[in-house]
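Engineer: Take this structure first; my questions come after.
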């Protein structure tokens with residue numbers, strides 16, 4: 001009806017937008033309206049704590065797909081074809097940047113070694129198991145022609161965790177350790193999967209020599225270090241520019257604009273140099289929240305904080321809505337409709353491999369990580385290990401994008417084997433996001449029955465005698481103010497012997513205060529008048545959510 | 001160098017972004033970096049009050065175009081081809097929405113009749129004169145084949161004013177009357193130019209009957225009213241949703257997201273129904289700032305205010321950078337390089353017609369408008385008329401977009417006449433923006449030598465005996481608090497006799513308070529605890545810039 005009305009008006013109206021296809025305007029309208037619906041419905045379902053916005057968006061996306069499928073007479077199901085570019089260039093950067101910007105840096109850096117262990121070694125283990133399983137099982141089944149490269153790609157596709165979904169399912173305040181481990185792993189996982197995917201597509205894997213293996217490992221470290229440095233560099237540059245020029249004098253909007261543009265530039269530069277944009281923009285977010293954010297005006301702080309969160313929120317909804325709609329893309333399902341059993345079987349096998357592949361590294365690596373730590377309260381207990389295993393099972397848009405890259409040409413596929421892999425990927429993504437995602441929250445409440453006290457234990461607040469050292473670990477965001485001059489600091493030698501990782505932090509803080517902050521600003525380097533009530537209370541307003 | 005380095009790394013790196021063209025990533029990097037450069041350089045030039053950011057962006061764009069032209073050996077000058085879709089779908093909406101959101105509503109509605117007179121009747125006069133001049137002058141020159149429809153299109157193209165440039169050149173606080181007149185005219189001008197452009201392209205103009213003329217006038221009113229209602233409706237819907245659901249309870253980001261999405265949806269719906277998206281999103285901005293903005297949390301207020309301003313700021317920079325780069329598009333200039341004299345001549349004639357066409361309606365219509373007003377201080381004096389004439393001379397991206405629509409097919413042209421019109425449009429846009437734009441500020445200072453006192457006079461602050469009525473005109477944003485209960489309100493009959501337009505405002509306020517605010521919220525309807533220092537001072541923080 002709306003469409004007829006529009007075409008009727010069309011005769012009267014302008015033809016200004018004539019060059020753009022009218023159908024794309026219809027799609028955009030519907031898409032934006034659906035995003036609004038997701039927000040409203042997600043809000044209404046907020047009371048129901050099992051539900052989250054991703055799943056709402058997925059369900060709405062699927063329902064819309066069904067409606068479009070029915071109205072178009074079964075020929076078409078999606079408003080927009082899934083595009084890797086849209087995903088990697090526009091939707092992913094704000095999500096990962098915001099995660100870096102809002103992450104609790106204390107937790108993240110304290111668990112840095114464990115995170116890298118999980119993200120790098122863990123992903124390799126998971127990749128190996130899934131590839132191996134796929135080769136052994138699928139070759140005996142009748143699912144069309146798949147080569148060795150395809151099986152290895154399957155391993156890479158299904159070991160790419162979905163950082164976005166983790167953000168939605170776990171709560172940073174409720175389970176800080178789990179959140180930082182699973183999410184941090186997801187970020188490192190991206191760098192690893194870039195290396196693995198590249199290796200699968202470019203190297204001749206039929207003859208793996210030690211030289212090739214070393215090249216791959218070197219490649220990983222090269223990617224990891226350059227990506228991190230690029231992100232940190234972009235963040236520091238933005239801090240320096242804003243501190244030096246003091247944009248706020250003229251307009252707070254310039255500060256906000258330059259922060260957004262520099263963050264985006266860091267991601268695009270990483271993509272330009274074939275680095276891991278996700279790692280780059282994540283570290284750019286961390287550096288920006290540590291330095292740049294403290295150099296801008298109070299109003300810019302409130303604005304950037306919420307703008308980044310909103311952008312990330314909308315991009316997440318967009319992705320889930322998009323994946324939900326694309327799930328019913330009729331072209332791929334045509335190939336499997338004769339043999340629905342095979343598709344279900346393949347999906348089930350893949351889900352099983354994902355479960356096994358993840359278990360195969362979470363438990364052994366947690367054991368290893370616990371060996372390195374002396375303090376009982378820093379170790380990962382068994383229930384936490386189960387949760388880490390479970391919370392990282394979701395596969396999302398990254399898997400979809402990789403699968404489309406490997407098994408289709410410009411979104412189309414003609415081989416039966418490829419079509420089955422695409423539909424199975426969609427099935428695994430939908431199933432893992434909806435079922436595993438829905439169960440995670442209840443599981444957290446089941447395994448960590450008193451989250452309040454457990455959180456306190458994990459985040460090592462008082463109760464232990466080390467309480468006077470703990471503030472030194474802070475990144476300056478949530479602890480500096482508590483640290484009055486009356487606290488007696490232990491000698492650095494004693495600290496180094498007892499708690500090596502804490503000492504690193506202590507020296508980082510000394511270095512930060514002596515060299516970094518005078519150049520790049522950061523907390524306390526902006527003129528701050530404690531007497532002014534406006535400044536003070538907005539400061540409070542901002543701090544409330546940060547800490 | 002960077003490119004070789006990148007391709008070298010390419011062999012090592014990921015092929016994940018393989019489907020997107022690598023060159024588009026290079027372009028985006030360069031473009032984002034140039035935007036950052038514009039902000040920094042614009043900030044450094046801020047002290048020089050003759051300069052503004054648009055012109056900086058234009059100059060940087062032209063310089064980049066020259067560099068690309070030289071490095072590519074004269075084959076290519078732009079990073080991105082000018083696209084109407086990009087302009088009308090992504091860049092224009094945030095600019096116009098923000099203008100509506102931040103406009104001083106008091107000034108705007110008080111001068112509403114004058115604005116509509118200028119925007120509608122004035123545009124028609126300007127269109128007639130430019131078309132007539134073009135027919136008479138260009139037909140005697142050797143500039144290829146142009147038909148009647150082309151000449152009328154030229155009239156429409158060059159009577160479309162550049163609202164974006166007006167925002168940059170005039171200062172709302174310094175010259176509120178001029179700003180609201182020229183900018184308001186620009187917004188109404190858009191609705192008119194939609195109707196005219198449509199008429200030129202669809203109607204058989206060789207035989208204009210009174211029936212056709214009435215149809216056109218009816219069409220204009222239909223467009224104007226439906227677009228306004230759609231915008232106001234979208235704004236009210238957002239206010240109602242946010243008031244009813246109170247998103248802020250759970251997350252302030254949802255409020256921000258829904259405001260942005262609803263505003264964008266209103267624009268896209270207008271385009272869907274072939275209405276004037278500019279008018280729609282402008283009124284949506286006005287309604288949102290009057291109702292919705294007051295229903296959200298304090299943090300959301302700060303965030304939305306600065307987010308909209310930042311988006312608009314970046315979109316403006318983007319447009320000017322883009323137009324600057326596109327100005328050197330070599331394909332169009334090839335046609336005119338044999339006869340550079342003709343192109344210069346055509347551009348000069350068009351500039352002359354623009355000057356005459358605008359003078360032909362500003363002075364007579366100002367006279368008419370002055371006749372309708374009784375109070376001396378509300379009339380537009382001659383120096384102000386000169387400034388209104390001058391400040392609306394800029395032609396910008398809208399003219400470019402219309403010219404591309406009329407004279408090219410997908411950005412390419414093969415006829416000499418068409419190519420000359422394109423290059424002349426570019427010349428007129430660049431010349432008017434840079435020369436007229438640069439001269440406007442000095443001209444304002446020359447003609448209004450004591451802006452402080454004049455501003456006060458124009459905005460009718462105290463000094464006149466009507467001072468106790470004036471607060472009633474406020475939209476509740478800048479006057480309500482001053483209005484203590486001790487102010488004696490005059491009887492409505494006396495008011496109606498003495499100041500009819502003020503009385504309309506008074507009754508609007510009564511209606512607003514009695515019916516609109518209880519449903520849609522607005523200032524004062526959010527629970528507000530005056531005792532809480534946090535709330536109060538953030539409120540102050542927000543108010544500072546609003547008022």
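Protein chains in written order, with the numbering used here: chain A, 1 to 547; chain B, 1 to 547. C-beta: ideal position from N, C-alpha, C; glycine also.
Any C-beta of chain A within less than 8 Å: which residues of the stretch 260-282 of chain B qualify?
Structural biologist: Flagged, chain order: 260, 261, 262, 264, 265, 268, 269, 271, 272, 273, 274, 275, 276.
Engineer: Sort A:101, A:281, A:38 by Cα distance to residue 257 of chain B and report the nearest one.
Structural biologist: Residue A:38 is the option with its Cα nearest to residue 257 of chain B.
Engineer: Around the Cβ of residue 36 of chain B, are there at least 16 other Cβ atoms within 10 angstroms (buried) or fewer (exposed)?
Structural biologist: Result: buried.
Engineer: Which residues of chain A have a Cβ atom closer than 7 Å to the Cβ of residue 307 of chain B, listed in chain order?
Structural biologist: Going along chain A in sequence order, the residues near residue 307 of chain B (Cβ under 7 Å) are 303, 307.
Engineer: Does DSSP classify residue 139 of chain A as helix, strand or coil?
Structural biologist: In this structure, residue 139 of chain A counts as coil in the three-state DSSP scheme.
Engineer: Determine contact between the stretch 312-324 of chain A and the stretch 312-324 of chain B, defined as no fewer than three beta-carbon pairs at a distance below 8 Å.
Structural biologist: Cβ pair count under 8 Å is below three, so no.
Engineer: Taking residue 35 of chain A as the query, report the chain B residues whose CB atoms sit under 7 Å from its CB, ordered along the chain.
Structural biologist: Chain B residues near residue 35 of chain A: 261.
Engineer: Between which residues of its own chain and residue 242 of chain A is the CB-CB distance below 7 Å, once the five residues before and five after are set aside?
Structural biologist: These residues qualify, in order along the chain: 255, 258, 292, 295, 296.
Engineer: When the Cα of residue 24 of chain B is compared with those of A:69, A:61, A:89, A:33, which residue comes out closest?
Structural biologist: Selected option, being the one with the closest Cα: A:89.
Engineer: Assuming contact is defined by CB atoms lying nearer than 8 Å, are residue 158 of chain A and residue 365 of chain A in contact in what I supplied?
Structural biologist: Going by C-beta atoms, residue 158 of chain A is not nearer than 8 Å to residue 365 of chain A.
Engineer: I want to know whether the stretch 104-116 of chain B touches the stretch 140-149 of chain B - three or more CB-CB distances under 8 Å.
Structural biologist: No, the stretch 104-116 of chain B is not in contact with the stretch 140-149 of chain B.
Engineer: What are the boundary residues of the alpha helix (DSSP H) that residue 28 of chain B is part of?
Structural biologist: Run containing residue 28 of chain B: 22-44, per the alpha helix (DSSP H) assignment.
Engineer: Quick check on the burial criterion: 16 or more other C-beta atoms within 10 angstroms. Buried or exposed for residue 63 of chain A?
Structural biologist: So residue 63 of chain A counts as exposed.
Engineer: Can you list, in chain order, the residues of the stretch 110-140 of chain B whose Cβ is nearer than 9 Å to any Cβ on chain A?
Structural biologist: Under the 9 Å Cβ criterion, the stretch 110-140 of chain B contributes no residue.
Engineer: Grab me the residues of residue 137 of chain A's own chain with a C-beta within less than 6 Å of its C-beta, minus the 5 sequence neighbours each way, in chain order.
Structural biologist: Counting only Cβ-Cβ distances below 6 Å, and skipping sequence neighbours, we find 349.
Engineer: DSSP three-state call for residue 104 of chain B: helix, strand or coil?
Structural biologist: In the structure shown, residue 104 of chain B sits in coil (DSSP, three-state: anything other than H, G, I, E or B).
Engineer: Spatial neighbours of residue 224 of chain A within its chain, please: CB distance less than 6 Å, with the 5 preceding and 5 following residues excluded, ordered by chain position.
Structural biologist: Same-chain partners within the cutoff: 191.
Engineer: How would you list, in chain order, the residues of chain B whose beta-carbon sits under 8 Å from the beta-carbon of residue 253 of chain A?
Structural biologist: What residue 253 of chain A touches in chain B: 306, 309, 310, 313.
Engineer: Any beta carbon of chain A sitting closer than 8 Å to that of residue 321 of chain B?
Structural biologist: So, not an interface residue.
Engineer: Are the CB atoms of residue 168 of chain B and residue 179 of chain B within a distance shorter than 8 Å?
Structural biologist: No, the Cβ-Cβ distance between residue 179 of chain B and residue 168 of chain B is not below 8 Å.
Engineer: Do you know whose CA, among A:298, A:228, A:130, A:506, lies nearest residue 346 of chain A's CA?
Structural biologist: For the residues A:298, A:228, A:130, A:506, the minimum Cα distance to residue 346 of chain A belongs to A:130.
Engineer: Could you say if the stretch 260-267 of chain A and the stretch 93-102 of chain A meet the contact criterion of at least three C-beta pairs nearer than 8 Å?
Structural biologist: Cβ pair count under 8 Å is three or more, so yes.
Engineer: Interface residues of chain B around residue 256 of chain A at Cβ under 7 Å?
Structural biologist: Those within 7 Å of residue 256 of chain A in chain B are 306, 310.
Engineer: Find the nearest neighbour of residue 98 of chain B within the set B:286, B:44, B:40, judged by alpha-carbon distance.
Structural biologist: Measuring from the Cα of residue 98 of chain B, the nearest candidate turns out to be B:286.
Engineer: By alpha-carbon positions, which one of A:448, A:299, A:273, A:59 ends up nearest to residue 226 of chain A?
Structural biologist: Checking every option, the nearest Cα to that of residue 226 of chain A belongs to A:273.
Engineer: Do we get a CB-CB distance below 8 Å when we pair residue 299 of chain A with the residues of chain B?
Structural biologist: Residue 299 of chain A counts as touching chain B.
Engineer: Looking only at its chain, what residues have a beta carbon closer than 6 Å to the beta carbon of residue 395 of chain B, apart from the 5 residues adjacent to it on each side?
Structural biologist: So the qualifying residues of the chain are 162, 428, 429, 432.
Engineer: Considering only residues of the same chain and omitting the five flanking positions on each side of residue 323 of chain A, which have a CB-CB separation below 7 Å?
Structural biologist: Closer than 7 Å at Cβ, skipping near neighbours: 58, 61, 397, 400, 429.
Engineer: Taking Cβ positions only, does residue 26 of chain A come closer than 8 Å to chain B?
Structural biologist: Output row for residue 26 of chain A: interface = yes.
Engineer: Looking at residue 447 of chain B: is its Cβ nearer than 8 Å to the Cβ of residue 393 of chain B?
Structural biologist: No, they are not a contact pair.
Engineer: On the DSSP letters alone, give me the boundaries of the alpha helix (DSSP H) that residue 446 of chain A sits inside.
Structural biologist: Its alpha helix (DSSP H) spans residues 437-447.
Engineer: Tell me whether residue 369 of chain B sits in a helix, a strand or coil according to DSSP, three-state version.
Structural biologist: Of the three classes helix, strand and coil, the one that applies to residue 369 of chain B here is helix, per DSSP.
Engineer: Put residue 273 of chain B into one of helix, strand or coil per three-state DSSP.
Structural biologist: Coil at residue 273 of chain B, not helix or strand.
Engineer: Between residue 201 of chain B and residue 104 of chain B, what straight-line distance do the alpha-carbon atoms span, to the nearest angstrom?
Structural biologist: For residue 201 of chain B and residue 104 of chain B, the distance between alpha carbons rounds to 36 Å.
Engineer: Looking at the secondary structure, which residues open and close the alpha helix (DSSP H) in which residue 218 of chain B lies?
Structural biologist: Here the alpha helix (DSSP H) through residue 218 of chain B covers 210-245.
Engineer: Find the nearest neighbour of residue 217 of chain A within the set A:195, A:356, A:238, judged by alpha-carbon distance.
Structural biologist: Ranking the options by Cα distance to residue 217 of chain A, first place goes to A:195.
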